[in-house]
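With the working numbering, you'll find the sequence shown wraps up at 777, consecutive numbering, no jumps.
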Amino acid sequence: MAAPAPLDPDTHRQRAQQLLRAFGLTHFRPGQQEAILGALSGRDVLAVMPTGAGKSLVYQLPALEGAGLTVVVSPLIALMGDQVARLQRRGVAAAALTSALTERQQAQVFGALPELRLLYLSPERLQSAALRRALVRIRVARLVVDEAHCISSWGHDFRPDYRRLGALRRALGTPPVTALTATATPAVRRDIAASLALEDPLEVLTGFDRPNLAYRVWWAPFERLKLQLVEHALRAQPGASIIYAGTRAGVERLSAHLTSRGIAARPYHAGMAAEARAAVQRAFLEGRAPLLVATNAFGMGIDKPDIKAVLHVDPPTSLEALYQEAGRAGRDGESARCTLLVGPGELERQARRVALSTPTLLDLKRLWVLLRNHGAFGAAAPPVTAEGAAAALGLGRGKLVGALELLERHKVIRLERQRGALTLALVGPTPPPPEAFEALRADTLALQRAKAALWEAVRRYALTPRCRRAQLLAYFGDEAPPRGACRCDVCTTEGRTPLLGDAARVLGRCTRPRRRRALDGAFATPLETEALLAWLRREGYVRAALGWYRASAAGRRALARAEVSAR
211 MAAPAPLDPD
221 THRQRAQQLL
231 RAFGLTHFRP
241 GQQEAILGAL
251 SGRDVLAVMP
261 TGAGKSLVYQ
271 LPALEGAGLT
281 VVVSPLIALM
291 GDQVARLQRR
301 GVAAAALTSA
311 LTERQQAQVF
321 GALPELRLLY
331 LSPERLQSAA
341 LRRALVRIRV
351 ARLVVDEAHC
361 ISSWGHDFRP
371 DYRRLGALRR
381 ALGTPPVTAL
391 TATATPAVRR
401 DIAASLALED
411 PLEVLTGFDR
421 PNLAYRVWWA
431 PFERLKLQLV
441 EHALRAQPGA
451 SIIYAGTRAG
461 VERLSAHLTS
471 RGIAARPYHA
481 GMAAEARAAV
491 QRAFLEGRAP
501 LLVATNAFGM
511 GIDKPDIKAV
521 LHVDPPTSLE
531 ALYQEAGRAG
541 RDGESARCTL
551 LVGPGELERQ
561 ARRVALSTPT
571 LLDLKRLWVL
581 LRNHGAFGAA
591 APPVTAEGAA
601 AALGLGRGKL
611 VGALELLERH
621 KVIRLERQRG
631 ALTLALVGPT
641 PPPPEAFEAL
651 RADTLALQRA
661 KAALWEAVRR
671 YALTPRCRRA
681 QLLAYFGDEA
691 PPRGACRCDV
701 CTTEGRTPLL
711 GDAARVLGRC
721 TRPRRRRALD
731 GAFATPLETE
741 ALLAWLRREG
751 YVRAALGWYR
761 ASAAGRRALA
771 RAEVSAR
């Protein structure tokens with residue numbers, strides 16, 4: 211790569227302001243100008259900016275300066291058309307290569323490459339040999355990697371196609387890179403820089419603090435209470451809301467239940483037809499469907515500033531995912547609530563799912579044997595799709611993705627895209643040497659520890675009676691908020707939020723007829739019991755449980771006193 215041009219701050223700043231006005235804007239948001247000046251000076255840039263902070267401007271403005279094509283790699287295929295349309299209305303030559311285009315339309319994009327300023331692609335598209343040859347023939351001025359955390363195998367949303375962007379960059383002549391993400395811990399940022407071979411990158415970190423968001427953890431030890439709490443949260447916070455559930459079946463059940471209770475909810479998950487998902491998304495963005503129940507398939511790249519509440523009825527597998535999904539609320543700067551509902555059984559089940567979603571050395575060996583038996587090596591070998599291999603071996607997506615990344619990294623298999631499908635082939639017919647298997651074993655254990663650490667951070671967040679906002683900021687390496695400035699459930703009760711285990715014990719004794727006990731024996735003093743009940747009443751737990759409340763006479767007296775004190 212050519213050495214960066216000497217930075218002339220005044221010249222670049224003036225040009226950045228001119229480009230900003232050309233986009234009809236009057237001022238930069240935090241971090242935008244710094245990242246743009248770095249790009250204009252030819253530097254590699256790694257920018258970590260909150261969702262909705264205007265990351266697209268960071269690469270669109272520099273793309274208008276100088277000659278050459280800016281290639282934007284993004285998983286947000288559904289939004290590429292909107293981005294291109296907005297740029298074209300401003301007179302910017304831009305295009306996107308997506309699976310939605312006909313062969314004729316794709317040929318038109320190929321023919322227009324020399325005149326384009328911006329080209330949007332999915333990482334899968336870049337595996338096309340024809341496209342790579344076309345890009346090599348023209349000058350690629352800058353490679354932009356959106357959602358760059360997908361590069362890191364230690365991150366929460368790893369995608370194998372992203373891992374090969376470093377090799378693609380070398381094939382294109384090592385153009386400067388702008389890597390963008392909203393969620394990256396220091397370790398993930400280091401992995402991004404190493405994978406893309408960034409040279410002395412300018413790191414732009416605008417911070418992870420969202421002071422207008424009230425983070426809360428609600429304990430729901432059984433399903434009926436969870437449903438009551440969801441209804442309570444939605445009725446208490448009118449406006450656009452998203453509820454995230456862990457499975458497609460859970461999405462369908464919860465949306466049907468809420469609709470039956472008079473709360474209109476629309477489901478959204480990857481199992482729905484593309485047209486149905488697009489219709490639901492449009493209805494939500496236009497305000498015709500204010501409540502969505504969705505899997506994590508919904509939300510990436512969504513631009514809706516007035517979302518008032520985000521609820522997780524199943525704990526996500528990482529704090530990155532929780533922060534990213536909760537962060538879709540309150541982008542207009544107004545107050546919003548982000549609530550995680552958890553129960554003791556859910557934490558245990560999710561821990562098992564995380565363990566089972568990470569490949570073992572045995573999984574890697576089984577995959578190698580499958581490919582060998584299929585004859586998948588050499589140029590004439592028939593292709594084996596990743597989907598077919600997963601079905602044959604009974605591997606879930608998490609295990610498959612991890613296994614493919616490890617085997618490709620150690621040059622045991624070769625991954626390619628053929629007609630849109632990810633195919634696998636062995637590099638050679640002989641088994642890897644013993645030292646290669648030892649290296650695979652070490653990397654497999656490291657991946658298992660990394661995934662377990664991601665989940666442990668979620669578990670600590672849910673169970674620790676410490677400022678939720680401070681926990682999130684510490685996790686991402688950011689500074690703690692000023693004391694007294696937080697609106698989370700811990701801080702707004704002045705540190706008196708009881709341990710969730712205590713809440714579960716009280717609710718269990720209150721609401722399970724077969725376990726009727728006097729509450730006075732639950733804690734050291736009646737005063738402690740009353741304080742806990744007051745908190746449960748104030749947070750909505752006891753109010754939701756009153757319909758089937760079954761306590762002893764002593765418990766009812768304590769609850770009555772707590773209700774009086776909570777008013």
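Even glycine gets a Cβ: it sits at the ideal position worked out from N, Cα and C. No experiment lies behind these values; they were computed from the predicted model shown.
Identify whether residue 625 lies in helix, strand or coil by the three-state DSSP scheme. Position 415 of the sequence shown holds residue 625. Residue 625 sits in a strand when the DSSP states are folded into three classes.
Residue nearest to residue 677 in terms of C-alpha spacing, selected from 702, 441 and 654: Within the sequence shown, the letter at position 467 stands for residue 677. When only C-alpha atoms are compared, the closest one is 702.
Would you tell me roughly how many angstroms separate the C-alpha atoms of residue 336 and residue 324, rounded to the nearest one? Stepping through the sequence shown from its first residue, residue 336 is reached at position 126. Stepping through the sequence shown from its first residue, residue 324 is reached at position 114. Cα to Cα, the separation comes out at about 17 Å.
Alpha carbon to alpha carbon, how far is residue 480 from residue 505? Residue 480 sits at position 270 when you count from the first residue of the sequence shown. Residue 505 sits at position 295 when you count from the first residue of the sequence shown. Spanning the two alpha carbons is a distance of roughly 8 Å.
Does DSSP put residue 523 in a helix, in a strand, or in coil? Your numbering for residue 523 matches position 313 in the sequence shown. Per DSSP, reduced to three states, the secondary structure at residue 523 is coil, with no helix or strand assignment.
In the DSSP assignment, find the alpha helix (DSSP H) that holds residue 246 and state where it starts and stops. Counted from its first residue, the sequence shown places residue 246 at position 36. Its alpha helix (DSSP H) spans residues 242-250.
With H, G and I counted as helix, E and B as strand and the rest as coil, what does DSSP make of residue 643? In the sequence shown, residue 643 corresponds to position 433, counting from 1. Per DSSP, reduced to three states, the secondary structure at residue 643 is coil, with no helix or strand assignment.
Please classify residue 340: is it buried, with 16 or more other beta-carbons within 10 angstroms of its beta-carbon, or exposed? Locating residue 340 in the sequence shown gives position 130, where the first residue counts as 1. It counts as exposed.
Report yes if the CB atom of residue 425 is closer than 7 Å to the CB atom of residue 548, and no otherwise. Here residue 425 refers to the residue found at position 215 when the sequence shown is read from its first residue. Here residue 548 refers to the residue found at position 338 when the sequence shown is read from its first residue. Yes; because the gap between Cβ atoms is below 7 Å, this pair is in contact.
Only counting the same chain, and skipping five residues up and downstream in sequence, which positions put a Cβ closer than 7 Å to that of residue 455? Your numbering for residue 455 matches position 245 in the sequence shown. Closer than 7 Å at Cβ, skipping near neighbours: 461, 464, 503, 505, 523 and 524.
Output the residue ranges of the alpha helix (DSSP H) runs that lie fully inside the segment 424-501 and measure 4 residues or longer, sorted by chain position. 433-446, 458-470 and 484-495
Do residue 350 and residue 302 count as a contact pair if the criterion is CB distance below 7 Å? Here residue 302 refers to the residue found at position 92 of the sequence shown. Here residue 350 refers to the residue found at position 140 of the sequence shown. When the beta-carbon positions are compared, residue 302 and residue 350 stay at least 7 Å from each other.
Option nearest residue 692 by Cα separation, candidates 699, 680 and 700: Here residue 692 refers to the residue found at position 482 when the sequence shown is read from its first residue. Of the listed residues, the one whose Cα sits closest to residue 692 is 680.
Can you tell which of 627, 507 and 650 has the C-alpha that lies nearest to the C-alpha of residue 594? For the purposes of this step, residue 594 is taken as the residue at position 384 of the sequence shown. Of the listed residues, the one whose Cα sits closest to residue 594 is 627.
Curious, which full-length beta strand (DSSP E) runs of at least 3 residues does the segment 528-574 contain? 546-552
Please determine, among 352, 602 and 274, the residue with the shortest C-alpha to C-alpha distance to residue 231. Position 21 of the sequence shown holds residue 231. Residue 231 has its Cα closest to that of 274, out of 352, 602 and 274.
Quick one: grab the DSSP three-state call for residue 512. Looking up residue 512 in the sequence shown gives position 302. Looking at residue 512 - three-state DSSP - the assignment turns out to be coil, as it is neither helix nor strand.
Per DSSP, what kind of secondary structure is residue 267 in: helix, strand or coil? What you label residue 267 is simply residue 57 of the sequence shown in a count that begins at 1. The answer is helix: DSSP assigns residue 267 an H, G or I state.
For residue 662, the three-state DSSP class (helix, strand or coil): Mapped onto the sequence shown, residue 662 falls at position 452. Three-state result, residue 662: helix.
Mark residue 420 as exposed unless 16 or more other C-beta atoms lie within 10 angstroms of its C-beta, in which case mark it buried. Start at 1 with the first residue of the sequence shown, and residue 420 comes out as number 210. When all chains shown are included, residue 420 counts as buried.
Bounding residues of the alpha helix (DSSP H) (the contiguous stretch that carries residue 314): As a first step, residue 314 must be located in the sequence shown, where it is residue number 104. Where residue 314 is concerned, the enclosing alpha helix (DSSP H) stretches over 313-322.
Spatial distance of residue 705 from residue 698 (CA atoms): Stepping through the sequence shown from its first residue, residue 705 is reached at position 495. Stepping through the sequence shown from its first residue, residue 698 is reached at position 488. Because the pLDDT at residue 705 is just 40, under 50, the model does not fix this residue reliably, and the value given afterwards should be weighed accordingly. The alpha-carbon atoms of residue 705 and residue 698 are separated by roughly 10 Å.
Reference residue 264; option with closest CA among 583, 390 and 247: Along the sequence shown, one-based indexing puts residue 264 at 54. Nearest option by C-alpha distance: 390.
Comparing C-alpha positions only, which one of 646, 623 and 647 sits nearest to residue 637? Here residue 637 is taken as the residue at index 427 of the sequence shown, counted from 1. Of the listed residues, the one whose Cα sits closest to residue 637 is 623.
Contacts around residue 467, its chain only, beta-carbon distance under 7 Å, and the 5 residues preceding and following it disregarded: Taking the sequence shown and counting its residues from 1, one reaches residue 467 at position 257. Within the same chain, residue 467 has close Cβ partners 437.
Which residue wins for smallest C-alpha separation from residue 408, given the options 245, 602, 657 and 256? For the purposes of this step, residue 408 is taken as residue 198 along the sequence shown, with counting starting at 1. Taking only the C-alpha atoms, the option nearest residue 408 is 256.
For the putative contact between residue 662 and residue 685, defined by C-beta atoms under 8 Å, what is the C-beta separation to the nearest angstrom? As a first step, residue 662 must be located in the sequence shown, where it is residue number 452. As a first step, residue 685 must be located in the sequence shown, where it is residue number 475. Incorrect: roughly 15 Å between the Cβ atoms, too far for contact.
Below 8 Å CB to CB, which residues in the same chain sit around residue 649 once its five sequence neighbours on both sides are set aside? To locate residue 649, count along the sequence shown from 1; it is residue 439. Only 620 meet the Cβ criterion.
Which stretch, first to last residue, makes up the beta strand (DSSP E) that contains residue 379? By one-based count along the sequence shown, residue 379 stands at place 169. Not the beta strand (DSSP E): residue 379 falls in the alpha helix (DSSP H), residues 375-381.
If you follow the alpha helix (DSSP H) that residue 602 is in, where does it begin and where does it stop? On the sequence shown, position 392 is the one that residue 602 refers to. Element bounds for residue 602: 596-603.
Nearest candidate by alpha-carbon position, reference residue 657, set 687, 362 and 556: In the sequence shown, the residue the question calls residue 657 occupies position 447. Checked all of 687, 362 and 556; the closest Cα to residue 657 is 362.
To the nearest angstrom, report how far apart residue 683 and residue 322 are at their CA atoms. Reading the sequence shown from its first residue, position 473 is the one you call residue 683. Reading the sequence shown from its first residue, position 112 is the one you call residue 322. In this structure, the alpha-carbon of residue 683 lies about 45 Å from that of residue 322.
Can you name, in chain order, every residue of its own chain whose Cβ lies under 6 Å from the Cβ of residue 245, other than the five neighbours on each side? The count along the sequence shown starts at 1 and reaches residue 245 at position 35. In the same chain as residue 245, and ignoring 5 residues on each side of it, the C-beta atoms closer than 6 Å to its own belong to 255, 257, 268 and 414, in chain order.
Leaving out the 5 sequence neighbours to the left and right, which residues in its chain are closer than 8 Å to residue 352 when beta-carbon positions are compared? Against the sequence shown, residue 352 aligns to sequence position 142. Excluding positions up to five away in sequence, the list reads 249, 269, 272, 273, 278, 280, 281, 385, 386, 387 and 388.
Do you know offhand how far residue 311's Cα is from residue 611's? In the sequence shown, the residue the question calls residue 311 occupies position 101. In the sequence shown, the residue the question calls residue 611 occupies position 401. Residue 311 and residue 611: Cα-Cα distance of roughly 27 Å.
Would you call residue 315 buried or exposed, if buried means 16 or more other Cβ atoms sit within 10 Å of its Cβ? In the sequence shown, the residue the question calls residue 315 occupies position 105. The residue is exposed, with fewer than 16 neighbouring Cβ atoms inside 10 Å.
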